[in-house]
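**Q** Numbering-wise, the sequence shown is residues 30 to 197 according to my numbering. Think of the CB as a built atom: it goes at the ideal place given N, C-alpha and C, for glycine as much as any other residue.
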Amino acid sequence: MFSLPAVRYLPETPDHDAAIEAIAAEAFGPGRFARAAERVRELCPRDRSLCFVALFDGAVVGSVRQTPVAIGGRPAVVLGPLAVGPVYKGQGIGRRLMALAEKAARERGETAIVLVGDRAYYEPLGYRPLPSGTVIMPGPVDPARILGLPLVDGALEGLAGRVGPRRS
30 MFSLPAVRYL PETPDHDAAI EAIAAEAFGP GRFARAAERV RELCPRDRSL
80 CFVALFDGAV VGSVRQTPVA IGGRPAVVLG PLAVGPVYKG QGIGRRLMAL
130 AEKAARERGE TAIVLVGDRA YYEPLGYRPL PSGTVIMPGP VDPARILGLP
180 LVDGALEGLA GRVGPRRS
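Now the structure itself:
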């Protein structure tokens with residue numbers, strides 16, 4: 030029987046990949062491969078230290094991934110996908126994963142998190158719409174769904190340009 034206190038949250042490892050893909054397939058269907066977050070992952074390597082899973086009874090029931098990127102030459106992190114198995118939705122697992130992702134990005138010294146998502150879900154977590162047309166994702170996306178969270182004061186001011194790989 031499901032119990033929220035029994036859910037464990039851990040950093041993602043390669044052992045979780047197949048389960049994460051299965052949850053994403055269930056949550057988003059085959060259209061996920063055309064999503065902006067998928068395009069970002071194709072262009073930029075994700076950093077597993079910024080990615081987390083939720084485990085219940087030893088099985089992955091949710092995950093969140095983050096990818097370090099440059100937006101118009103400025104560093105940021107693109108968050109996505111956030112996916113929770115349908116049976117476990119509405120239990121707070123996604124919000125806990127979001128909190129872990131934000132904490133990890135802050136601790137690493139990142140300045141901003143950008144994502145494509147529903148305002149109704151993400152605005153209570155502090156995310157705000159970015160000005161239309163300023164952040165250009167590498168795939169089809171409704172500009173009204175591009176949201177940002179500053180991790181330091183002013184991090185979203187003037188943030189504009191194409192999302193792409195960071196240069197060393």
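Using three-state DSSP, classify Tyr117 as helix, strand or coil.
**A** By one-based count along the sequence shown, residue 117 stands at place 88. Helix at Tyr117.
**Q** Is it buried or exposed, Val116, if we count other Cβ atoms within 10 angstroms and call 16 or more buried?
**A** Here residue 116 corresponds to residue number 87 of the sequence shown, with the count starting at 1. Looking at its Cβ environment, which holds fewer than 16 other Cβ atoms inside 10 Å, Val116 is exposed.
**Q** Give every residue of the same chain whose Cβ lies closer than 6 angstroms to the Cβ of Met127, excluding the five residues on either side of it in the sequence, and list them in chain order.
**A** As a working note, residue 127 is residue 98 in the sequence shown. Correct list, in chain order: Leu154.
**Q** Counting beta carbon pairs with one atom in the stretch 77 to 92 and one in the stretch 40 to 54, are three or more of them shorter than 8 angstroms?
**A** Because the criterion of three Cβ pairs below 8 angstroms is met, the stretch 40 to 54 and the stretch 77 to 92 touch.
**Q** Among Ser78, Cys73 and Glu71, which has the Cα closest to the Cα of Pro43?
**A** Indexing the sequence shown from 1 puts residue 43 at position 14. Cα-wise, what sits closest to Pro43 is Ser78.
**Q** Let me know the beta strand (DSSP E) ranges lying completely inside the stretch 68 to 148, each 3 residues or longer, listed in chain order.
**A** Listed in chain order, they are 81 to 85, 88 to 100, 103 to 113 and 141 to 145.
**Q** Here's the rule: buried if 16 or more other CB atoms are within 10 angstroms of the residue's CB, otherwise exposed. What is Phe31?
**A** On the sequence shown, position 2 is the one that residue 31 refers to. That one is exposed.
**Q** I'd like to check one pair, Arg137 with Leu180: are the Cβ atoms closer than 7 angstroms?
**A** Numbered from its first residue, the sequence shown carries residue 180 at position 151. Numbered from its first residue, the sequence shown carries residue 137 at position 108. It is not a contact, given that the beta carbons lie outside the stated cut-off.
**Q** Relative to the C-alpha of Ala83, which candidate in Lys118, Phe57 and Asp76 has its C-alpha closest?
**A** For the purposes of this step, residue 83 is taken as residue 54 along the sequence shown, with counting starting at 1. Residue Lys118 is the option with its Cα nearest to Ala83.
**Q** Which residues in the same chain have their Cβ closer than 7 angstroms to the Cβ of Ala184, if we skip the five residues on either side of it in sequence?
**A** Locating residue 184 in the sequence shown gives position 155, where the first residue counts as 1. Answer for Ala184: Thr140 and Ala141, listed in chain order.
**Q** If we call anything under 7 angstroms between Cβ atoms a contact, is Leu188 one with Gln120?
**A** Counting from one through the sequence shown, the residue named residue 188 turns up at place 159. Counting from one through the sequence shown, the residue named residue 120 turns up at place 91. No, the Cβ-Cβ distance between Leu188 and Gln120 is not below 7 angstroms.
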